[in-house]
Amino acid sequence: MIVGAGIVGIACAHYLAESGYAVTVIDQDRIGGGCSHGNTGHICGSHVLPLNEPGSLRAALLSLVNPRAPFRVKPQWRPRLFRWFWEFARRCDHRHALSAGRAMKSILDASICEYEALFQARGLEAGWQPLGLLYVLRTRRGMERFAAQDAMLRGTFGVGATRIEGSELVEFDPALRPGLAGGFLYEGDAFLRPEALTTNWARCLKERGVDFVEGRRLQRVETAKGRIARLLVDAGEETADHYVFALGAWSTELAADLDCPIPVEPGKGYSITTTRPRNCPRHALLFAEHRVAATPFEDGFRLGSMMEFAGFDASTHPRRIRQLVESAKHYLHEPTGDRVLETWSGWRPMTWDSLPAIGRVPGLANAVLATGHHMLGMTLAPATGRLVAEIIGERSTHIDPAPFSPARFL
29 MIVGAGIVGI ACAHYLAESG YAVTVIDQDR IGGGCSHGNT GHICGSHVLP
79 LNEPGSLRAA LLSLVNPRAP FRVKPQWRPR LFRWFWEFAR RCDHRHALSA
129 GRAMKSILDA SICEYEALFQ ARGLEAGWQP LGLLYVLRTR RGMERFAAQD
179 AMLRGTFGVG ATRIEGSELV EFDPALRPGL AGGFLYEGDA FLRPEALTTN
229 WARCLKERGV DFVEGRRLQR VETAKGRIAR LLVDAGEETA DHYVFALGAW
279 STELAADLDC PIPVEPGKGY SITTTRPRNC PRHALLFAEH RVAATPFEDG
329 FRLGSMMEFA GFDASTHPRR IRQLVESAKH YLHEPTGDRV LETWSGWRPM
379 TWDSLPAIGR VPGLANAVLA TGHHMLGMTL APATGRLVAE IIGERSTHID
429 PAPFSPARFL
């Protein structure tokens, strides 16, 4: 029984079904909803460094008085959020960045390999484009700072980019405006259409016997003798031999029932999807100085970004959508297409150490947690699903699971 039908829950269903389990997936909403729907679809094997860095703490404090900050903490009285930021701040140093980066590198590399195998063997239709991810810098100062980061990534983790000077950018991608300082292309990255992946992957799993049940909200988890006995849902109860909880930002609501801390905060992101601009980018782009991402699809174009810690605020603020478009104007001849297809916001599941929580729930022999993937749920889903299946099957794991264990929060 998997609770949560986002990309992580779908990936868990795939690998468990491959291992011979009969799998049911339930979700309070619909398959592929939440952050699996409106993200920019970047598959970022290069995204090794954690969110925890000294500059992030300063940015969070300044954002309290700047509602336009791309990384923003909304003033609010929530002791749980204060604890989260205290633990986050404790890890904003070079030592943690290296430790978390090593763990992230292992699961990122594994996930890229799994994606390549999935698209070759399964023929999933998801608009998969292994063309790399181009970080575009507007200023010389931005180029210098990014060059230093790229040198550190190359030297420490073996992840390096191809540098493209400003004079060469327009030839590389004519959608970019002239006069930009330059860019860095991480050639091992890729992009896809998130909605296509979740829809088609779930369809393939249904054909193989996986049962998906939408609109089934989890009310309570009942335990007995160190195991989950049953799930109480709004339409009755569900029982299984093993339970996987892939609830994304909602995972923290399980903490009391599972008797395990799950320090996941909702980090709100936004996107706008339009028709393709006449001069549409060829590549996935990330405008680092404005923290805005752009992705061309076969049938559309998407801008996405922002990180708001505002609790479960479900509103999609028009000013944030305008901010995405205004930021993209600095880099693109045409920041959007003629017609808006969708504006969206959703909650990313943020842990205080920037690592996902994947592993057995302490004290419950038949419960596994798979959450806390930050902005990388789409990227990390395949390796997460494979790791969950290995843990449940008590097999050797393809990566070291220790850095991701939920027991680290005790």
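The C-terminal position of the sequence shown is numbered 438 in our numbering, with every residue numbered one higher than the one before it. Idealized CB from N, CA, C, for every residue including glycine. None of these values were measured; they are calculated from a predicted model.
So what's residue 454 in DSSP terms, helix, strand or just coil?
Here the chain covers residues 29 to 438 and nothing more, so residue 454 does not appear.
If we ignore side chains and look at the alpha-carbon of each, how far apart do residue 261 and residue 43 end up?
25 Å
Across the segment 65-74 and the segment 241-257, are there enough close Cβ pairs to call them in contact, namely three or more that are closer than 8 Å?
no
Cβ shell of residue 358 (< 8 Å), same chain only, five flanking positions each side left out
166, 205, 315, 318
In this structure, how does DSSP classify residue 427 when only helix, strand and coil are distinguished?
coil
Residues that DSSP places opposite residue 75 in a beta bridge:
Residue 75 pairs with nothing; no bridge assigned.
Excluding the 5 residues flanking residue 390 on each side, which residues of the same chain have their C-beta closer than 7 Å to its C-beta?
288, 434, 435, 438
So, helix, strand or coil for residue 325, using DSSP?
strand
Would you report the Cα separation of residue 380 and residue 309, rounded to the nearest angstrom?
34 Å
Pair within 8 Å by beta-carbon distance, residue 31 and residue 273
yes
Residue 334 (DSSP reduced to helix, strand or coil)
strand
Complete runs of the alpha helix (DSSP H) confined to the segment 194-266 [at least 4 residues]:
194-200, 222-235
Separation of residue 306 from residue 270, as counted between CA atoms:
50 Å
First through last residue of the alpha helix (DSSP H) which encompasses residue 271:
First-last for residue 271: 271-273, but that is the beta strand (DSSP E), not the alpha helix (DSSP H).
By Cβ distance, which residues of its chain are closer than 7 Å to residue 227, with the 5 residues on each side in sequence left out?
60
Residue 99 by DSSP, collapsed to three states: which one?
strand
Checking the sheet assignment: what are the DSSP bridge partners for residue 157?
219
Residues bridged to residue 376 by DSSP?
295
Quick one: any contact between the segment 394-410 and the segment 278-296, if contact means 3 or more CB pairs under 8 Å?
yes
What residue does the beta strand (DSSP E) around residue 170 start on, and which one ends it?
Here residue 170 belongs to no beta strand (DSSP E); instead the alpha helix (DSSP H) covers 168-185.
Measure from the alpha carbon of residue 327 to the alpha carbon of each residue in 373, 299, 365, 354, then state which is nearest.
365
Could you name the residues of the same chain whose beta carbon sits closer than 8 Å to that of residue 193, not counting the 5 residues immediately before and after it, in chain order?
210
Quick check: the Cα distance between residue 175 and residue 401, rounded to an integer number of angstroms?
26 Å
Out of 422, 424, 407, which one is the CA nearest neighbour of residue 144?
407
Could you give the distance in angstroms between the alpha-carbon of residue 137 and the alpha-carbon of residue 233?
24 Å
May I have the straight-line CA-CA distance separating residue 112 from residue 427, to the nearest angstrom?
27 Å
Among the candidates 403, 405, 414, 116, whose CA atom is the shortest distance from the CA of residue 439?
Here the chain covers residues 29 to 438 and nothing more, so residue 439 does not appear.
DSSP on residue 54, reduced to helix/strand/coil?
strand
Residue 118 versus residue 416: straight-line alpha-carbon distance, rounded
29 Å
Grab me the residues of residue 188's own chain with a C-beta within less than 6 Å of its C-beta, minus the 5 sequence neighbours each way, in chain order.
182
Whether residue 369 touches residue 301 by CB criterion (8 Å):
yes
Please identify the residue among 385, 337, 423 whose C-alpha is closest to the C-alpha of residue 97.
337
Could you tell me if residue 375 is buried or exposed, where buried requires 16 or more neighbouring beta carbons within 10 angstroms of its beta carbon?
buried
In the structure shown, what three-state DSSP assignment does residue 191 receive?
strand
Residue 335 to residue 385 span [Cα, whole Å]
20 Å
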